[in-house]
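Undergrad:
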Amino acid sequence: MFPNYLSEEQDMIDTRNALRETCRVFMQDAFKPYRGERSKPGIDVDIEDDDQVDQWIRETGETLYHPVGTCKMGNDSMSVVDEHLKVHGIDRIKSCRCFNHAYFNWW
Numbered sequence: 006m007f008p009n010y011l012s013e014e015q016d017m018i019d020t021r022n023a024l025r026e027t028c029r030v031f032m033q034d035a036f037k038p039y040r041g042e043r044s045k046p047g048i049d050v051d052i053e054d055d056d057q058v059d060q061w062i063r064e065t066g067e068t069l070y071h072p073v074g075t076c077k078m079g080n081d082s083m084s085v086v087d088e089h090l091k092v093h094g095i096d097r098i099k100s101c102r103c104f105n106h107a108y109f110n111w112w
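Per this note's numbering, the very first residue in the sequence shown carries number 6; after that it's consecutive.
1. To the nearest angstrom, report how far apart F36 and S12 are at their CA atoms.
2. Do you know whose CA, among D59, R29, P8, lies nearest E14's CA?
3. Mark V86 as exposed unless 16 or more other C-beta atoms lie within 10 angstroms of its C-beta, in which case mark it buried.
4. Using DSSP with H/G/I as helix, E/B as strand and the rest coil, what is M78?
5. Could you spell out the range, first to last residue, of the alpha helix (DSSP H) harbouring L69?
6. Tell me the rounded alpha-carbon separation between I18 and G41.
7. If I follow the unbroken alpha helix (DSSP H) through N22, where does it start and stop?
8. Whole angstroms is fine: what's the gap from D81's alpha carbon to E88's?
9. Three-state secondary structure (DSSP) at W111?
10. If you draw a straight line from the C-alpha of E64 to the C-alpha of G79, how long is it?
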């Protein structure tokens, strides 16, 4: 699966701006006791140079989350699995590692 991250110019602009703002926040005096030398991006990357920042983002960027989806549970024609997570219409297969409630880890 190729999710086409950063395929639109606005994606890169937003990511670049988020990176710069994060760097600015962590450079505030309040964080001084907790930070060392900047490591990501490294000090060799000029944070104000769009080309350098874009190259660093493309070379090192990754997602921490994987694509997910939902499927309807029930016994009607629109449901995918039953109450035992057995996939309708397919023998000997169950949907596994499913949650039947919403769970989001935002931090």
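Ideal Cβ positions, reconstructed from N, Cα and C, are used throughout, including at glycine.
TA: With the structure as the only source:
1. 34 Å
2. D59
3. buried
4. strand
5. Where L69 is concerned, there is no enclosing alpha helix (DSSP H), given that its DSSP letter is neither H nor E.
6. 27 Å
7. 14 to 31
8. 12 Å
9. Confidence is the limiting factor: at W111 the pLDDT is only 41, short of 50, which leaves the residue's position unreliable and the question unanswerable from this model.
10. 44 Å
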